[in-house]
Every structure is written in C-alpha cells, then in structure tokens.
Amino acid sequence: MISIVSAADGEGVRQLLVLASVASVLLAAVLAGGARTERTLATVLAVGGVVVIAGLTLSPVRGLPGDGCATRPDAPLDDVPNVALFFVPMLFAVVATRRPVVVLLAGPVLSAAIEWVQDVVPSLGRRCDVDDLLANSAGSVAAVLVGSVIVGVAHIGRRRRRLRQPLPETAAPERALHSVR
Numbered sequence: 000m001i002s003i004v005s006a007a008d009g010e011g012v013r014q015l016l017v018l019a020s021v022a023s024v025l026l027a028a029v030l031a032g033g034a035r036t037e038r039t040l041a042t043v044l045a046v047g048g049v050v051v052i053a054g055l056t057l058s059p060v061r062g063l064p065g066d067g068c069a070t071r072p073d074a075p076l077d078d079v080p081n082v083a084l085f086f087v088p089m090l091f092a093v094v095a096t097r098r099p100v101v102v103l104l105a106g107p108v109l110s111a112a113i114e115w116v117q118d119v120v121p122s123l124g125r126r127c128d129v130d131d132l133l134a135n136s137a138g139s140v141a142a143v144l145v146g147s148v149i150v151g152v153a154h155i156g157r158r159r160r161r162l163r164q165p166l167p168e169t170a171a172p173e174r175a176l177h178s179v180r
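Throughout the sequence shown, residue numbering follows numbering that gives the first Met the number 0, covering 0 to 180 in sequence.
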C-alpha cells in the first residue's frame, strides 16, 4: 500500500505518477530501438524502479493499521498510484529483457511477495490489501502490453533498416566462378 498523507497531496502524486508513466513510454520507445547500451540503461531503470517499489511499500510507517489483510476487492483500478507504481519498472523490464511473458509473471509475483511481507511483518505498520495486488498486477499487464508493442515496432524498424542496406559483396566470388567456366 502506498501511503498518501492528504487528499491534496494525493492528487499531486497521481498526476506525477501519470506524467512519469507517459515519460517512461517515450523513453522506452527510444531505448527499444537501440543496442546493448540502451538495453543496459533499460535494465538499470527497471531495477531502480523495483528498488523504489520496495522503498515505498516496505518502509515502516506510523499510524496505519498493521495487522490483518484486506481480502475483499473494492475498486483496485481506481488506485492510480499502485497501477502506475508497477507500470514504469515493468515497462523497462520488457524493453530490457524482450521477454514479456516472464515480466507478465514477475509483476504479480513481486506484488504478492510485497503484500505477504506486509502481512507477516507487523512492525512495518502496513496492511496487506488485495486491491493493491490487483492494481499492481493491472499496472504490470498494461506495461507488458505497451512494452510488447514498443519492442515489436522497434524490431520491425530495425529489420526494415537492414533490408534497405546494400548487400555485402558476397556475390562477387560467384560471378568469378561463372567467368572461369
């Protein structure tokens, strides 16, 4: 669960997370078309995003209920911060690994692990919530869909560029053989 201090701050956080999500799509599109360096940067951004997730969800807080688990879904897709929280790192994970199925499985597993830790470590002052799991999973699914499109378009672009390049002079020895006969 991401704790937001006040409703006014909450709206600012929502807007910031939506802006970060849009910016990450643009950056992912640039990185997907690149080579090893760009994929390494995407890996760093994905890992950094997971570190941010851990910091936001597993740091101790005061004043929040810390025991029990809310297992009844309410409205998980209304929880924009939790959807966006997983969107950004999972998007970069798809670009870095080019393995959307693995990322699709990893997002919900990571979210479930976080909710489990929140449940079994009451000193965190956090409460696990099925809405968080569903919202995080929705963010992961959205990231995999968007990331798959970005990686697919980048692959098509690379392939077209290769097809436009002139062929290397491998045909020259073949012509020489024909002239000898």
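Built from N, CA and C at the ideal position, the CB exists for glycine as well.
Beta-bridge partners of residue i, as assigned by DSSP
i, result
"D128", "A69"
Endpoints, alpha helix (DSSP H) assigned at residue i
i, result
"V101", "P99 to V119"
"R35", "R35 to L57"
"L123", "No alpha helix (DSSP H) holds L123; DSSP gives it neither H nor E."
"V82", "V79 to T96"
Beta-carbon separation (whole angstroms), residue i vs residue j, contact threshold 8 Å
i, j, result
"I113", "T56", "5 Å"
"A95", "V17", "The pair is not a contact, with the Cβ atoms about 23 Å apart (cut-off 8 Å)."
"L103", "V143", "5 Å"
"T92", "A141", "For the sequence presented, residue 92 should be read as Ala rather than Thr. With a Cβ gap of about 13 Å, A92 and A141 do not count as contacting."
"S23", "P99", "With 8 Å as the limit, S23 and P99 do not qualify as a contact, their Cβ atoms being about 16 Å apart."
Reference residue i; option with closest CA among the options
i, options, result
"D131", "R158, L90 and P80", "P80"
"L90", "E10, A19 and G11", "A19"
"V108", "P59, A137 and E10", "A137"
"V49", "F85, V93 and Q164", "F85"
"C68", "G146, V119 and S147", "V119"
"L25", "A41, R125 and G11", "A41"
"D78", "R157, A105, V60 and E10", "E10"
"T181", "D128, V101, P88 and L15", "No statement about residue 181 is possible, as the shown extent of the chain runs from 0 to 180 and does not include it."
"V87", "V145, G124, P72 and E37", "V145"
"R61", "V12, A134 and L123", "L123"
"R97", "G54, R13 and E37", "E37"
Residue i Cβ short of 6 Å to the ligand FMN heavy atom set
i, result
"V145", "The ligand FMN is absent from the structure shown, which contains no ligands of any kind."
Cutoff 7 Å: residue i Cβ touching any chain B Cβ
i, result
"L18", "This model lacks chain B altogether; it includes just one protein chain."
Taking contact to mean at least 3 C-beta pairs separated by less than 8 Å, is the region 138-158 in contact with the region 16-33?
yes
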